[in-house]
Structures are given as structure tokens and as C-alpha cells.
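Chemist: Chains Z and G supply the protein sequences, listed in that same order.
Taking our numbering, the leading residue of the first sequence gets 43, the next gets one more, and so forth.
Taking our numbering, the leading residue of the second sequence gets -5, the next gets one more, and so forth.
No residue lacks a Cβ here, since even glycine has one placed at the ideal position from N, Cα and C.
This structure is a prediction, so every number in the text was calculated from the model and none was measured.
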Amino acid sequence: MALTPVTPQTPGFTAAVAAGAGAFFGLFVGTAQATGLIGILIGAALLGALGFVFAGMTDKEKPLRWATFALFVVLGYILGGLPEAVLGGLFGWFAGWFIFWLATSRYRQHLAPYLTPGQVLWHYTFRVICGVIFVFLITPILVVMPLSFNAEDFFTFTPEMLRFDPAGYSLKHYQDFFTNDDWQQALWNSIKIAPMATLLSVSFGTLAAIGLSQPHVPFRRAIMAILISPMIVPLIISAAGMYFFYSRIGMQGTYFGVVLAHAALGIPFVIITVTATLVGFDRSLTRAAANMGADPITTFFRVQMPLILPGVISGGLFAFITSFDEVVVVLFVGSAGQKTLPWQMFTGLREQISPTILAVATILVAISICLLTVLELLRRRSERLRGMSPG
Amino acid sequence: MSDTTQSGPVLAADGTPLKRSLARALRMQKLRALMLIAPLLLFILLTFILPIADMLFRSVENRIVSDTLPKTVVALQEWDANSGEAPGEDVYAALAADLIVAVEAKTHTRLGTRLNYEMTGISSLFRKSGRKVKRWDLAEDAPFKEKFIDIDKDWADPEVWRTIQTYSPKYTNGYFLNSIDMQKGADGAEARPENQQIYITLFQRTMFMSLVITASCIVLAYPIAWILANLPARSANLLMILVLLPFWTSLLVRTSAWKVMLQQQGVINDVLVWLGLVADDARLVMINNQFGTIVAMTHILLPFMILPMYSVMQTINPSYLRAAKSLGATNWTAFWRVYFPQSVPGIGAGSILVFILAIGYYITPEIVGGTKGVFISNRIAYHISSSLNWGLAAALGAILLVVVLLLYWAYDKIVGIDNVKLG
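#1: Exposed or buried, S371(G), counting other C-beta atoms within 10 Å across all chains shown (16 or more means buried)?
#2: On the DSSP bridge list, what partners appear for L5(G)?
#3: Give the interface partners of T73(Z) over in chain G, defined as CB-CB distance under 7 Å, in chain order.
#4: Compute the Euclidean distance between the alpha carbons of Y402(G) and S204(G), then round it to the nearest angstrom.
#5: Roughly how many whole angstroms lie between the Cα atoms of L213(Z) and L232(G)?
#6: List, from N- to C-terminal side, the beta strand (DSSP E) runs of 3 residues or more that fit wholly inside the region 176 to 218 of chain G.
#7: Can you grab the Cα-Cα spacing for the pair E368(Z) / P339(G), in whole Å?
#8: Listed from N- to C-terminal order along the chain, which residues in the region 407 to 419 of chain Z have their beta-carbon within a distance smaller than 8 Å of any beta-carbon of chain G?
#9: Using the Cα positions of G168(G) and L373(Z), report the straight-line distance between them to the nearest angstrom.
#10: Quick one, are the C-beta atoms of L236(G) and I180(Z) less than 8 Å apart?
#11: For T157(G), go through chain Z and note every residue whose CB falls closer than 9 Å to its CB, in chain order.
#12: Could you please give the first and the last residue of the uninterrupted alpha helix (DSSP H) stretch that includes A150(G)?
#13: I need the DSSP call for E55(G), collapsed to helix, strand or coil.
#14: Check the Cβ-Cβ distances between N325(G) and every residue of chain Z, and say whether any is below 8 Å.
#15: Any C-beta of chain Z sitting closer than 8 Å to the C-beta of Q259(G)?
#16: Looking only at its own chain, which residues have a Cβ that is under 7 Å from the Cβ of S232(Z), when we skip the five neighbours before and after it?
#17: If we ignore side chains and look at the alpha-carbon of each, how far apart do T398(Z) and V370(Z) end up?
#18: From Q190(G) to S280(Z), what distance separates their C-alpha atoms?
#19: Between the Cα of H215(Z) and the Cα atoms of L204(Z), N192(Z), F140(Z) and L45(Z), which residue gives the shortest distance?
#20: Going by the DSSP bridge assignment, what does N192(Z) pair with across the sheet?
#21: For Y169(G), list the residues DSSP reports as bridge partners.
#22: Taking 8 Å as the CB-CB cut-off, is F142(G) touching chain Z?
#23: I need the boundaries of the alpha helix (DSSP H) containing Q336(G), first residue and last residue.
#24: Whose CA, out of T10(G), R199(G) and A323(G), lies closest to the CA of G354(G)?
#25: Quick check on the burial criterion: 16 or more other C-beta atoms within 10 angstroms. Buried or exposed for F66(Z)?
#26: Give me the Cβ distance between P246(Z) and W384(G), rounded to the nearest whole Å; I'm assuming they're in contact under 8 Å.
#27: Return the Cβ separation of L208(G) and S345(G) in integer angstroms, given the expectation that the two are a contact with Cβ distance under 8 Å.
#28: Take M113(G) and list the residues in its own chain whose beta-carbon comes closer than 8 Å to its own, dropping the five residues that flank it on each side.
#29: Entirely within the region 285 to 344 of chain Z and at least 3 residues each: give me those beta strand (DSSP E) ranges in chain order.
#30: Measure the CB-CB distance between I235(Z) and V301(Z) and report whether it falls below 8 Å.
#31: Chain G beta carbons: is any one of them nearer than 8 Å to that of L254(Z)?
#32: Which of the three DSSP states is assigned to H165(Z) in this structure?
#33: Identify the contact partners of G68(Z) in chain G, using a Cβ-Cβ distance below 8 Å as the criterion.
#34: Could you pull out every residue in the same chain whose Cβ sits closer than 6 Å to the Cβ of M273(Z), ignoring the five residues on either side in sequence?
#35: Can you tell me the Cα-Cα spacing of I58(G) and A282(Z), whole angstroms?
#36: P53(Z) to G286(G), Cα distance in whole Å?
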């Protein structure tokens, strides 16, 4: 959908902007090879020339873009080798797209016609800024994944990895994770603790959330503040308090103590998600059920529960991930027998640094992607049930 | 209602006055709601609130001195700490009697450790005396003053006795004084020597770094929230994944990722060296200092800032901005005078949330903070697990808790806890 009718740009304009981009990237290539200044000059000249030529040939976009791509792959290969060829390919693809994006004025098409050139420039500058922040958000997580396949015991990319040499990659850290007793015990402990804690916090939390969403609740605000407080109070304080108290009553270092502590930490999440779901719940449905002779328990399980189930499940997922991820409280309340996965990672990071941590991290990222997908599906289902979105 | 001659209250079907019948129904409703909440409330009170109350109690509790040395404490009441002389024989006799019992129960070393927090050297004094006192007999070996001073001449030091006297009450504010770099001196509270002052600095650093983290979160989250709120729903949902994925990824995964990125042989330094921006022998030090903590925690807490900002910005009507521009406002004026004030509630909600979370952080500073980038939480953890000075840990925790609860109260007033949203 084009908002603004456009005409192709002049070769001069295209060449000038492309030369600017070329100078910017040339600077980095230049500093890596010899000096920055030469890089700037060569980059600006190269892209400027391409821009000038391509601006007149906008009808042959596809072949020209392939040609640019090939040109930069070859250039990269000559300068460095395989890794540089990949980078060159990426840059070539970008350069081809960028020049034609400028030359055909496609960048102007989707913006309102009354914008001044300054506003158009700001529009795209802003997008670039946002892009940089998104990169900041996601890069740390992406970097961990390839490093977990490292064949060496390092936390860095080895030259073999950068050359895409198969010898540089291996699954040995994954193998270590699946065969090492410490890690397996920790995984097993996490699997034992998290579901119990989740069960406790979901059952208590759902009940209380239903109570809290009744029309007349005395001291509602104060009760809510108390129930949410485990999320707000710094973990170290909760951990210290529980450590002192549980050791007084002999529950420090027991499985049950850790489960209770984790259940308390997960409750705010259940309360928040379930009360949010109950806001959209139609009370006349329970009255209708009662009217037709259903007792309160039947009403709850047959009418109310199916409708608020998405909220309950996502609250449960939050509670599960809280317990599965928690390290501070278990560090103090648990003993060596309750060593969980995060605890093992924490000691791994502090003491013996082994890339097995990165393999575990990659597995955990995969798990969180699954959880995120489940949550998103639940959210859509819940919106559909409430008629908030079509489809 | 048709019969106007009938007086008296309106009646319900069963003959009770309607007013009372309604009041009873309301009471039943309230009771039912409370019954539903009660199990959870009880659970939270037992597993969470009670432990914290217990911790707060520990920060003032000081029974150990009067429990271990009951007779000495009574005898010491008469003694004037400012006299500059050691107390008389009656106090030493009482001490001998108390210590014989204490050594039997092996509690004298714990008392020594406790008093050692206040005056270094007392711990070894008690341990040493305990070994000798064990062989004494109360009736035959009197007088004791000379004997104690024979064991260690520190027993003649009025300072030792002053410390015992100062900490003999059952409750003390000593831990709190300690946690603001003060101590109980001869006449009331006084500042600690310069070289022992660490907590005020640590509190200031925690505050300062939390503020920096909050500020950088605001700066980074604002554009993201803006673009998410203003893009078409499809692309916004896609980009939202980039925000939610870090949010859902394990904290330790993100922390280890930053360790991988920031260390001297790490990814960022490698890239900078490869680009020739930094010489190989002058790699940047970005970890185990304040910079590392700030970068890693900004990344970890960023989603908590983006999500509240996004939910507020979604409700701002974009036509206001267009209206302002069509009335002649420049881009900047339209943003600053029209859009920004409407987005302030989002900034407020996010900032308080991020600040509350930042101020109590433990894991990330512990791993990437080194010695210069740690928070007060790390000190609390140190006192619980390494130095075993639980009273001081409790006092530091109590101060931190008060700050957080104040912020929580403000958050409740400004945003309302009902409005907290997740994901």
C-alpha cells in the first residue's frame, strides 16, 4: 500500500547516500586491515560508484543485486577467507538492497506525503536506534548458543570455529551435561522441586484469586499487598528470613522446606495472572448454573474452571519458571541434597568455569522458547474466548 | 407498596426485615470471599511473613550475653565503666561461676564470637580462659581476680568489661549502629574508625548503581516501547518476542552470557581487536567492576521497564500528536508537550519496579561485579554464610527492607498493585 506517489531518485543523490554508508562500513574494514582512512575512501568510492551506476538501471534490479552479492563474497574471500566471505555476502546483500531502496524511492512510499525530508530522515534514524537496542537485548542470548558447541574448553570463539571447520565444533559439553553425576543430580532435583512448588502455589493461588475477585472483599488492598509481597521483597531478604526461621524449626536443608519457600515465591505470579483473567469473567454464568441446579463445586469445575483455565495455566507456568530458575533462596534454605540446576550453574560460574554451563544455558533457552510459545497460544485462546479478537 | 397505611420496615419473603436480610447476605458474601482467601493468606504468613518478622527480631535480639553470663551481668551493673579501673573481686567470682557452667555447656566460644564483633580479641580470650577455668573449683580457688589476670592480662582491661557491660541487655541497637558505621562507645553512639567504615559507602553505591541502571533502562526502553506501540499489530507482536525471550530466559543464562561477552578474552573484546579498534595487549576491562554490573543488570531488567511503558503507550491516541503538529507545533514540541506527559505514568511504573528489583539484586553482582561492583545484598549474604554474624546481616536486611517497602507503598499509591501486568 503506497501512501505517497514517488519518482526515482537522481543518480547523484543515490551515489552520495550510498557513499556515506560505504564510508561507514569501510572504516571498520579499514581499521581491521590497515588504516581507517583508506578504508573510508575505498568504501565510499566503491558504493558511490555502484549507486551512481545502478540509479540509471532500476529496471534490472534482480540481476544487479545478485551481482553485488557475488562481488562482495569474492572481495571478502580475497581479504580474509571463509568467515570474511560470509560477512562480505551479508554486506553485499545489504548494499544491493540499500542502493535500490534509495534509487527507486521505495523508502518514501509508505510514509505520509506531508513529511519533510528531515522528518523522513529522523523516521529511519529512529528505526536504526531501535534496531541497535533490540540487538542489545537479544545478542547475549544468541552468542551463548554457538559457543556451547565449542570443541575446546574455552568461553570464546576459537579460530577453527570462525573458519567453520567441523573440527572446531563438538557436542562434548552436552555429553558432559548428560553423563556428569553432579549435573544430572541437579537436573533431577529441579524436576522434583519445581512441579511440587507449582502445584502448591497454583491450588492456593487460584482459590484466593477467586476470593479476591468477589465484589465485596474486606481489606482487599491490604490482602493483595501481602500476597504480592514475595515478588517485591528482595530475594536475599526472603532467603535470609527463611534460612533463620527454617533452621529454627528444623526445616532448613529439607526437600519440604525448599518446596514451601518456592511455592511462596511463585504465588504472586499466580494471583496476578488469575485475577487478570477473572476480570473478564461473566458472573451471571455462575448464577445461571446455580439456577439450573448445579451445586457450587460442580459450577466451579464445569463452568468457571474451563473459562479461567488459560489464566491458571499461564500463572502455573510463571510459578514453575520462578521455581525452576530460582537460586538465591535455594542456596540458603536448601542443603547439598537439594542442589538444583541454577545452583549448580551458579557454583559453576563462580568456581570452576566450564563450557558445560553454556550447553545447559542453550537447553534452558530452548525450554523458555517452548514456554513462551505455550503462553502466547494460551493468551490468544483466552482472548478468543472472551471475544476480544476475531478468529 | 400499594398499601400506604402499612407502616414499619419492608419485609423479605421469609418475614425478616429486608435491610437485615440484605446485610446478612452481604456478610455471608464477605465471609465466603475471606474463606477462599484464608488458606493462601495463612500459607504466606507462615512461610514468608513470619520468617521475615523473625529476621527483623534477630536484628535487635541479644540474649546471648545475659543467658551465658547471668551472674556476671548482675554483678557488673554496679561497676562504673568510666572509672578506668577493672571491676572488683565479686564480678570476677561471678564470671568464674558463669564460665564453669558455660564451659560445661560449650557455650562460651559462641559468646566469645558474638562479643568479638564488637571488640576484636575477645573470642580468643574466652577460648583461652575456658580451657583453664574448666579445672577450677568455685569454693577452693577463690579469689579469682588475680587468677583471671594471670590467664590473660586483658581481663584487667576496663575496655573488655565495658564491652560486656554494654552488650548485657537482652535487646540491643548495636547491630543497627554497626550497619550505619557506628558503634556503642563509652558515652553513647559514636562513629567507627575511618578504616572500618564500609556500610554507608556500600549503601550509597547500591543506591547510585540502582539509579544508573534505572536511568539507562528508561533511556533504552522508551524508544522500544514507542515503536512497539506505534507499529501495526503484526510486526509489533513479532518484535515483542525479542523483548519477551530475554524476559523468559533464565537469569543465570543471561548472567553467564554477559560473562562470556564482557571478559577480557570475551566476545566484545575479540570483535574490537579483530576490527582493529583496540590493540590486542590493551583489551578493555569490562567485567568485575561497576561497568559490568551496570551493563548486565540493565539488560536483565530492561523488559521490566519496556512492558509497563508499552501498556501505557498503547492507550495514547496517536491523533493527539498529529493534532498538535497540524496546529503548528514542531516535532519536538509536539512530543515534549503532548506525548511525553501522557507516557509519564508508564515511566513511573517501570522505574519504581526496576529500582525495587535492582536494589536487592544478588546473583548478577556476585558473578560480574568483582569487588567494586557489589551491592548491599552481597554483603548480607557474606554475613549469613561466611562471617556468621547473623545479627548484622539481619540489621542490614532490615534497612534494605524498609527502603523497598517504602518504594512498594509508593508504587501501590501511584500505579496500584492490581495493575501489575506480566508478559
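Modeler: The relevant details are as follows:
#1: Label assigned to S371(G): buried.
#2: For L5(G), DSSP records a beta bridge to P11(G).
#3: Within 7 Å Cβ-Cβ: L269, G270 and L271.
#4: Looking at the two C-alpha atoms, the distance is approximately 15 Å.
#5: About 31 Å.
#6: If we require 3 residues or more, the beta strand (DSSP E) runs fully inside the region 176 to 218 of chain G come out as 176 to 179 and 182 to 185.
#7: Distance between the alpha carbons of E368(Z) and P339(G) is about 30 Å.
#8: If the cut-off is 8 Å between Cβ atoms, the region 407 to 419 of chain Z has V407, S410, I411, L413, L414 and L417 near chain G.
#9: Counting only the Cα atoms, L373(Z) lies some 28 Å from G168(G).
#10: At the C-beta level, L236(G) and I180(Z) come within 8 Å of one another.
#11: Per Cβ cutoff of 9 Å: no residues; T157(G) is ~25 Å from chain Z at best.
#12: For A150(G), there is no enclosing alpha helix (DSSP H), as DSSP marks it with neither H nor E.
#13: Under the three-state reduction of DSSP, E55(G) is assigned to strand.
#14: At a cut-off of 8 Å, the C-beta of N325(G) has a neighbouring C-beta in chain Z.
#15: Among the CB atoms of chain Z, one or more fall inside 8 Å of the CB of Q259(G).
#16: F366, T382 and L383, listed in sequence order.
#17: Cα to Cα, the separation comes out at about 21 Å.
#18: Cα to Cα, Q190(G) sits roughly 28 Å from S280(Z).
#19: For H215(Z), the nearest C-alpha among the options comes from N192(Z).
#20: Paired residue(s): Y211(Z).
#21: Note: Y169(G) sits in no beta bridge, so no partner.
#22: It does not; no Cβ of chain Z falls within 8 Å.
#23: Run containing Q336(G): F334 to I353, per the alpha helix (DSSP H) assignment.
#24: Of the candidates T10(G), R199(G) and A323(G), the one whose C-alpha sits nearest the C-alpha of G354(G) is R199(G).
#25: Burial call: exposed.
#26: Note that residue 246(Z) corresponds to Phe in the displayed sequence, not to Pro. In fact, because the Cβ distance is near 30 Å, the residues do not count as touching under 8 Å.
#27: The amino acid occupying residue 208(G) in the given sequence is Thr; Leu does not appear at that position. Contact between T208(G) and S345(G) holds: CB atoms are separated by about 5 Å, below the 8 Å threshold.
#28: Closer than 8 Å at the Cβ level, and outside the excluded window around M113(G), lie E153, V154 and T157.
#29: Listed in chain order, there is nothing to give.
#30: Cβ distance < 8 Å, so I235(Z) and V301(Z) count as in contact.
#31: Interface residue, yes.
#32: Of the three classes helix, strand and coil, the one that applies to H165(Z) here is helix, per DSSP.
#33: Under the 8 Å cutoff, chain G gives no residues; its nearest Cβ is about 12 Å from G68(Z).
#34: Correct list, in chain order: P310.
#35: Rounded to the nearest whole angstrom, the CA to CA distance from I58(G) to A282(Z) is 20 Å.
#36: Their Cα atoms are separated by approximately 47 Å.
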